[in-house]
DNA sequence: GCAAGCATGGCAACTGTCCGAGAAATTATC
DNA sequence: GATAATTTCTCGGACAGTTGCCATGCTTGC
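Chains as they are written, first to last, in this note's numbering: chain A, 339 to 675; chain B, 339 to 675.
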């Protein structure tokens, strides 16, 4: 690999001059600059980013820690982040936590070792300020942008979230406005912040409508199609009298819908089902799914803006982007029975 | 940020000793090691990867260049790569080419500047050995694993592909076995290697069946739902007498199916449609789609194995993983008419 | 008693780049 | 023609860690 010194030796100048020439600093003559640049191009010189980072005390890299890369919801965020980083000439190192706190901690620690200038993090659990790894991030003054799930506990942590509570509430209100009163809630993993928020929206809307929460209507459904199917079977076995289901995400909603359709239940005539997330499949499902669209690309853009503010030394901030209820054909008026 | 030297100063030993102690080298006493490790943990010491890379002439990083992060097909590959890299304690830098050759080149150049130890690349165009950027990769002896679309033109390039030609041929053969003779082919972007391969499979099967290619049955359909719809409309306008459609991917198939269903055409009674890729939506579409499953996760695993072989100085290789035709309900016997 | 061996730890050098300071060469001014 | 001002270039050092070799001080063997 060609170094500055190699170019310098061949031209009979110092490495310093080459460095300055390539960076177009003013105190190098035009003649030398062109000579240097020409030879550099000819030799295929590529500066060594590690050496530059060491010297500059800045790596021009970001770290990104998300639960999973195959979740299409995150894919859009990552896409936006990568595009912005590319424009800046910065790089992004990816890391998956696979929904495990120990792995998340491990990922963060390795990113710190890489001396990334900032970390984008979608945490597995609701962030606890006292967890050792967050404590360490705070101590190291590392800028962190949390994707969703508020955690503004120190001045180098910002937060960019989609308003899932409001959107979930709007979904429940939509079902209420169709006359439903017995609305089952298929909730996600109890530890997951996003699942908690979606349940919170349901809870608020029911409370506002004066309907007490009914344990019999609440099902643990995880986050996959299979888990949605299992919860639906449970509901059938218990002859739960719900006229609508609000699911924690589209996959669970589809799993549930598959099960009910297989039993001859008609959707939405006999049963309304709403999802969350607006994945592609929800639009092209047998019964196009009522769901919530989250502005994930915009969340990525906003996250990068927020990160740059932190890097500029500006105070931390909390951005909340509106999510939007999309009413399709899987929800309808309550059956007269 | 804590350095080796800081720990050394506090303990009254040299930085060398600390370095050796933390790496568990044999020539440091157990007593010193425990003392050093304890203080390091207490101070939250994190080694500087940039400095280490500079000295070691190895960054323990891979680069990954793919067209788009939101394509679920790539997501599985990336997931597998990240998991394996994590096990090795290596990092992955992501870069999107967004299907543009200039951007791809730019991404590769930046990865070279980062001195990644290897690059995983899913090229935009069929690789031409003489393109300057590939020439440069070859000259720098950078190990490259091409994801799909064979390009074994130098000893540091390996290739891991899914056998799309065979799978596409199997799809056409499936349609032929159902009695179809007028099989329309909705082909993808003409420059894209994957689109070329899928068309090639169709071509081979038709040729083997003794059916000459008919230009009237071949439609440029791009790679999106909208393009699939447009191609279907074109087919309707031209009253093309096809009894089946083989689409370049699932999205195009779904776009086409949507259009025909809206016109009252019944699938598969009046028209068979096959996709490619087995995205989630294809399984849960109104008419579950006949398509091809590509072993993308396994492709990622195989790619990492191949990369390690290259790093170990072993010769380059070509791995081809079988793709599998999945017959669902969107294809059926040719209508009797 | 002397050489050899061993365990432990330190010094200098090196990785590639860039900053600050100053030297050398060129040009401008009187 | 001498000095001052400016341009152009070089030198030493720093960044944080690792490698190879050497310097201890101690034990062992003959």
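Positions of the beta carbon are idealized from the N, C-alpha and C atoms, including for glycine.
task = Ignore the nearest five residues each way along the sequence and tell me which others in residue 571 of chain B's own chain have a CB closer than 8 Å to its CB.
result = The count along the second chain starts at 1 and reaches residue 571 of chain B at position 233. Counting only Cβ-Cβ distances below 8 Å, and skipping sequence neighbours, we find 597.
key: 6 Å Cβ shell around residue 568 of chain B - same chain, five flanking residues per side excluded   = Here residue 568 of chain B corresponds to residue number 230 of the second chain, with the count starting at 1. Here the set comprises nothing.
Sequence-distant residues of its chain with Cβ nearer than 6 Å to residue 511 of chain B (five each side left out): In the second chain, counting from the first residue as 1, residue 511 of chain B sits at position 173. Here the set comprises 543.
Enclosing alpha helix (DSSP H) for residue 449 of chain B [first to last residue] = Reading the second chain from its first residue, position 111 is the one you call residue 449 of chain B. Run containing residue 449 of chain B: 439-451, per the alpha helix (DSSP H) assignment.
Comparing C-alpha positions only, which one of B:350, B:479, B:509 sits nearest to residue 662 of chain B? Numbered from its first residue, the second chain carries residue 662 of chain B at position 324. Nearest option by C-alpha distance: B:509.
Practice item. Kindly say whether residue 597 of chain A, judged by its beta-carbon, lies nearer than 8 Å to any beta-carbon of chain B. Key: Locating residue 597 of chain A in the first chain gives position 259, where the first residue counts as 1. No, no contact with chain B.
Is it right to say residue 600 of chain B is buried, meaning 16 or more other beta carbons lie within 10 angstroms of its own, or is it exposed? Counting from 1 along the second chain, the entry for residue 600 of chain B is found at position 262. That one is exposed.
Worksheet item: Can you pull the DSSP bridge partners for residue 394 of chain B?
Response: The count along the second chain starts at 1 and reaches residue 394 of chain B at position 56. Residue 394 of chain B pairs with nothing; no bridge assigned.
Report yes or no: is there a C-beta of chain B within less than 8 Å of the C-beta of residue 434 of chain A? As a working mapping, residue 434 of chain A is identified with position 96 in the first chain. Flagged as an interface residue toward chain B: residue 434 of chain A, by a C-beta distance shorter than 8 Å.
Check your understanding: Could you give the residue range of the beta strand (DSSP E) that holds residue 658 of chain A?
Key -> To locate residue 658 of chain A, count along the first chain from 1; it is residue 320. Segment 656-659, the beta strand (DSSP E) holding residue 658 of chain A.
Based on Cα-Cα distance, which residue from A:463, A:503, A:398 lies nearest to residue 457 of chain A?
As a first step, residue 457 of chain A is located in the first chain; it is residue number 119 there, counting from the start. It is A:398.
- Message: Can you give me the C-alpha to C-alpha distance between residue 641 of chain B and residue 654 of chain B, rounded to a whole angstrom?
- Response: Residue mapping note: residue 641 of chain B aligns to position 303 of the second chain, counting from 1. Residue mapping note: residue 654 of chain B aligns to position 316 of the second chain, counting from 1. Their Cα atoms are separated by approximately 12 Å.
request  = On a CA-only basis, which of A:362, A:393, A:357 is nearest residue 383 of chain A? Give me that one, please.
outcome  = The sequence position of residue 383 of chain A within the first chain is 45, counting from 1. Out of A:362, A:393, A:357, A:357 has the C-alpha closest to the C-alpha of residue 383 of chain A.
Practice problem: Measuring only between beta-carbons, confirm whether residue 416 of chain B sits less than 8 Å from chain A. | Solution: What you label residue 416 of chain B is simply residue 78 of the second chain in a count that begins at 1. Cβ-Cβ to chain A under 8 Å: yes for residue 416 of chain B.
Would you kindly report the start and end of the unbroken alpha helix (DSSP H) that includes residue 503 of chain B?
As a working mapping, residue 503 of chain B is identified with position 165 in the second chain. Segment 502-515, the alpha helix (DSSP H) holding residue 503 of chain B.
message = Could you pull the DSSP bridge partners for residue 522 of chain A from this structure?
response = One-based indexing of the first chain puts residue 522 of chain A at position 184. Paired residue(s): A:583.
Exercise. Taking the alpha carbon of residue 573 of chain A as the point to measure from, which residue in A:589, A:555, A:563, A:562 has its own alpha carbon closest?
Worked result: Locating residue 573 of chain A in the first chain gives position 235, counting from the first residue. Nearest in C-alpha terms to residue 573 of chain A, of all of A:589, A:555, A:563, A:562, is A:555.
Return the residue from the list B:350, B:343, B:403, B:349 that minimises the CA-CA distance to residue 449 of chain B.
As a position in the second chain, residue 449 of chain B is number 111, starting the count at 1. For residue 449 of chain B, the nearest C-alpha among the options comes from B:403.
Under 8 Å Cβ-Cβ, which residues of chain B neighbour residue 410 of chain A?
Against the first chain, residue 410 of chain A aligns to sequence position 72. Those within 8 Å of residue 410 of chain A in chain B are 408, 410, 413.
Query raised in the report: Going straight from the alpha carbon of residue 615 of chain B to that of residue 410 of chain B, what length do you get?
Result: Counting from 1 along the second chain, the entry for residue 615 of chain B is found at position 277. Counting from 1 along the second chain, the entry for residue 410 of chain B is found at position 72. Each residue's Cα considered, the two are about 10 Å apart.
Quick one: list the residues of chain A neighbouring residue 382 of chain B, beta-carbon separation under 7 Å, in chain order.
-> Start at 1 with the first residue of the second chain, and residue 382 of chain B comes out as number 44. Result: 474, 477.
| Alpha carbon to alpha carbon, how far is residue 416 of chain B from residue 667 of chain B? | Here residue 416 of chain B is taken as the residue at index 78 of the second chain, counted from 1. Here residue 667 of chain B is taken as the residue at index 329 of the second chain, counted from 1. Cα to Cα, residue 416 of chain B sits roughly 31 Å from residue 667 of chain B.
For residue 453 of chain B, decide whether its Cβ has a neighbour in chain A, counting only Cβ atoms nearer than 8 Å. The residue you call residue 453 of chain B lines up with position 115 of the second chain. It does: the Cβ of residue 453 of chain B has a partner Cβ on chain A nearer than 8 Å.
If you follow the beta strand (DSSP E) that residue 612 of chain B is in, where does it begin and where does it stop? Along the second chain, one-based indexing puts residue 612 of chain B at 274. Where residue 612 of chain B is concerned, the enclosing beta strand (DSSP E) stretches over 610-612.
Worksheet entry | Close Cβ partners of residue 606 of chain B (< 6 Å) along its chain, the five nearest in sequence each way excluded | What you label residue 606 of chain B is simply residue 268 of the second chain in a count that begins at 1. Cβ within range, chain order: 668, 669, 670.
Check whether chain A comes within 8 Å of residue 565 of chain B, counting only Cβ atoms and requiring the distance to be less than that. Along the second chain, read from residue 1 onward, the residue named residue 565 of chain B stands at position 227. Closer than 8 Å: no.
Whether or not the segment 618-638 of chain A and the segment 619-628 of chain B are in contact is what I'm after, with contact meaning three or more pairs of Cβ atoms, one per stretch, closer than 8 Å; do they touch? Yes: the two stretches touch, three or more of their Cβ pairs being nearer than 8 Å.
Run down chain B in chain order and give the residues with a C-beta less than 8 Å from the C-beta of residue 618 of chain A. On the first chain, residue 618 of chain A is found 280 positions in, with the first residue counted as 1. Those within 8 Å of residue 618 of chain A in chain B are 617, 618, 619.
May I ask you to check if the CB of residue 351 of chain A is nearer than 7 Å to at least one heavy atom of the ligand SAH? Of ligands this structure carries none, so the ligand SAH is not represented either.
- Message: Please identify the residue among B:339, B:391, B:351 whose C-alpha is closest to the C-alpha of residue 381 of chain B.
- Response: Residue numbering aside, residue 381 of chain B sits at position 43 when the second chain is read from its first letter. Ranking B:339, B:391, B:351 by Cα distance to residue 381 of chain B puts B:339 first.
Is residue 392 of chain B close to chain A? Criterion is C-beta to C-beta, closer than 8 Å. As a position in the second chain, residue 392 of chain B is number 54, starting the count at 1. Residue 392 of chain B counts as touching chain A.
#### Entry: Reduced DSSP category for residue 409 of chain A - H, G, I as helix; E, B as strand; rest coil
For the purposes of this step, residue 409 of chain A is taken as the residue at position 71 of the first chain. In the displayed model, residue 409 of chain A falls within coil according to three-state DSSP, outside both helix and strand.
### Task
Would you identify the three-state DSSP class for residue 605 of chain B, choosing helix, strand or coil?
Mapped onto the second chain, residue 605 of chain B falls at position 267. In this structure, residue 605 of chain B counts as coil in the three-state DSSP scheme.
Next item on the list: Compare the C-beta of residue 397 of chain B against all C-beta atoms of chain A and say whether one is closer than 8 Å.
Entry: Here residue 397 of chain B corresponds to residue number 59 of the second chain, with the count starting at 1. So yes, residue 397 of chain B belongs to the interface.
Reference residue 401 of chain B; option with closest CA among B:388, B:453, B:425, B:363: For the purposes of this step, residue 401 of chain B is identified with residue 63 of the second chain, where counting begins at 1. Across the set B:388, B:453, B:425, B:363, the C-alpha of B:453 shows the shortest separation from the C-alpha of residue 401 of chain B.
With a threshold of 8 Å, are at least 3 pairs of Cβ atoms found where one atom belongs to the segment 586-595 of chain A and the other to the segment 518-526 of chain A? yes
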